[in-house]
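Written below as structure tokens is the structure these notes are about.
Numbering (the UniProt record's numbering), first residue to last: 1 to 279.
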């Protein structure tokens, strides 16, 4: 007789535990958040801290940068050692270039909103990876699984978001819809900008800059077909800048700053000794 019994579905707590375990593994990968050691914008011919070669903008205005190096510099772009000047395509290109500096250091090229490009340097043996201990979290809390409504905005609707390193300037980011949600008995209308096929909510609460990272936290969400939207704050995550100062993270707009504690989700990045890895 064949045993057709199936394993019980994992509980909400078990699913969350698996999610956090995957997060801790991901931030330690060769191009995980902890591996980013430099982001340097290239507006003219220049050197980049920590890696060889001379880097410059492309004169033709196409995606990426130019790098000039000799074979002894050891730079490999798209599988070929650099000898002279070659194009390094950015991540905005359909086929971004792969850059290797040595057996644990790699690079990627990103485009800014102003059209300028930067080289990002990733080190799989970075000091942050060596010192990383864990991501502290709140216990699973069913209270912070809430359902709101999602109303699409007119095409082109944007909201200004400040970023940590932008000295107070705001960037207008597309906000596909209006989110209304009741929290602690009051209705809030919050803004989440488009991130691929999902929405990215950047928020702060009364735990911020205390129990949780000061800049705020992220929650990735998606509208349901019936016009509702589920916000499970147990899956709130720390922004990339909590792991490396070389990221420039968006900050919560005024309507996403809650005057109460949301005791759910990730809290802080901790070192091996249990202290904060970054202040």
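All C-beta atoms in this analysis are idealised placements derived from N, C-alpha and C, irrespective of residue type, glycine included.
Give me the residue from the options with the minimum Cα distance to residue i.
{"i": "residue 277", "options": "258, 253, 264 and 245", "result": "245"}
{"i": "residue 275", "options": "191, 131, 257 and 207", "result": "131"}
{"i": "residue 260", "options": "34, 8, 206 and 202", "result": "206"}
{"i": "residue 165", "options": "59, 226, 7 and 241", "result": "241"}
{"i": "residue 58", "options": "80, 219 and 90", "result": "90"}
{"i": "residue 282", "options": "93, 174 and 143", "result": "The requested residue 282 is not part of the displayed model; the chain covers only 1 to 279."}
{"i": "residue 187", "options": "12, 103 and 255", "result": "255"}
{"i": "residue 253", "options": "16, 239 and 190", "result": "190"}
{"i": "residue 169", "options": "218, 194, 209 and 113", "result": "113"}
{"i": "residue 62", "options": "85, 92 and 161", "result": "92"}
{"i": "residue 98", "options": "60, 45, 83 and 79", "result": "79"}
{"i": "residue 231", "options": "163, 269 and 141", "result": "141"}
{"i": "residue 16", "options": "251, 257, 237 and 270", "result": "237"}
{"i": "residue 117", "options": "46, 193 and 30", "result": "46"}
{"i": "residue 220", "options": "167, 84, 53 and 235", "result": "235"}
{"i": "residue 214", "options": "228, 200, 251 and 199", "result": "251"}
{"i": "residue 82", "options": "273, 100, 127 and 48", "result": "100"}
{"i": "residue 200", "options": "233, 94 and 210", "result": "233"}
{"i": "residue 272", "options": "33, 68 and 128", "result": "128"}
{"i": "residue 71", "options": "53, 60 and 163", "result": "53"}
{"i": "residue 257", "options": "227, 229, 204 and 144", "result": "204"}
{"i": "residue 96", "options": "111, 85, 102 and 84", "result": "111"}
Starting from residue i, trace the beta strand (DSSP E) in both directions and tell me its first and last residue.
{"i": "residue 58", "result": "Taken as a continuous stretch (DSSP letters only), residue 58 belongs to no beta strand (DSSP E), as it is neither H nor E."}
{"i": "residue 280", "result": "The structure shown does not extend to residue 280, since the chain spans only 1 to 279, so no value can be given for it."}
{"i": "residue 40", "result": "36-42"}
{"i": "residue 269", "result": "266-271"}
{"i": "residue 68", "result": "65-69"}
{"i": "residue 169", "result": "No beta strand (DSSP E) holds residue 169; DSSP gives it neither H nor E."}
{"i": "residue 180", "result": "177-183"}
{"i": "residue 84", "result": "84-88"}
What do you get for residue i, buried or exposed, if any count of 16 or more other CB atoms within 10 angstroms of its CB means buried?
{"i": "residue 125", "result": "exposed"}
{"i": "residue 138", "result": "buried"}
{"i": "residue 19", "result": "exposed"}
{"i": "residue 266", "result": "buried"}
{"i": "residue 216", "result": "buried"}
{"i": "residue 1", "result": "Confidence at residue 1 is low in this model, with a pLDDT of 49, below 50, so the placement of that residue should be treated as unreliable; the coordinate-derived value is given next. Residue 1 should be labelled exposed."}
{"i": "residue 8", "result": "exposed"}
{"i": "residue 212", "result": "buried"}
{"i": "residue 120", "result": "buried"}
{"i": "residue 185", "result": "exposed"}
{"i": "residue 122", "result": "buried"}
{"i": "residue 41", "result": "exposed"}
{"i": "residue 208", "result": "buried"}
{"i": "residue 264", "result": "buried"}
{"i": "residue 268", "result": "buried"}
{"i": "residue 64", "result": "buried"}
{"i": "residue 196", "result": "exposed"}
{"i": "residue 223", "result": "buried"}
{"i": "residue 146", "result": "exposed"}
{"i": "residue 69", "result": "buried"}
{"i": "residue 21", "result": "exposed"}
From what residue to what residue does the alpha helix (DSSP H) around residue i run?
{"i": "residue 23", "result": "12-26"}
I'd like to confirm something about residue i: is its beta-carbon nearer than 7 Å to some heavy atom of the ligand MG, or not?
{"i": "residue 174", "result": "Within the structure as shown, the ligand MG is missing, as the structure has no ligands at all."}
Practice problem: Take every Cβ of the segment 175-194, pair it with every Cβ of the segment 146-166, and state whether three or more of those distances are shorter than 8 Å. | Solution: With a cut-off of 8 Å, the segment 146-166 and the segment 175-194 count as touching, because enough Cβ pairs lie within range.
Quiz prompt | 4 or more residues per run - each alpha helix (DSSP H) lying fully within the segment 101-164 | solution = 127-131
Quiz item: Is the number of C-beta pairs between the segment 65-80 and the segment 92-108 that are closer than 8 Å three or more?
Solution: yes
Quiz item: Using 8 Å as the Cβ pair cut-off and three pairs as the minimum, do the segment 27-40 and the segment 231-248 touch?
Solution: Judged by Cβ distances under 8 Å, the segment 27-40 makes contact with the segment 231-248, as three or more pairs qualify.
Quiz item: Should the segment 23-30 be regarded as contacting the segment 153-162, the criterion being three or more beta carbon pairs within less than 8 Å?
Solution: no
Exercise. Go through the segment 188-230 residue by residue and report every complete run of the beta strand (DSSP E) that reaches 3 residues or more, in order.
Key: Listed in chain order, the beta strand (DSSP E) elements of length 3 or more contained wholly in the segment 188-230 are 192-195, 198-203 and 217-221.
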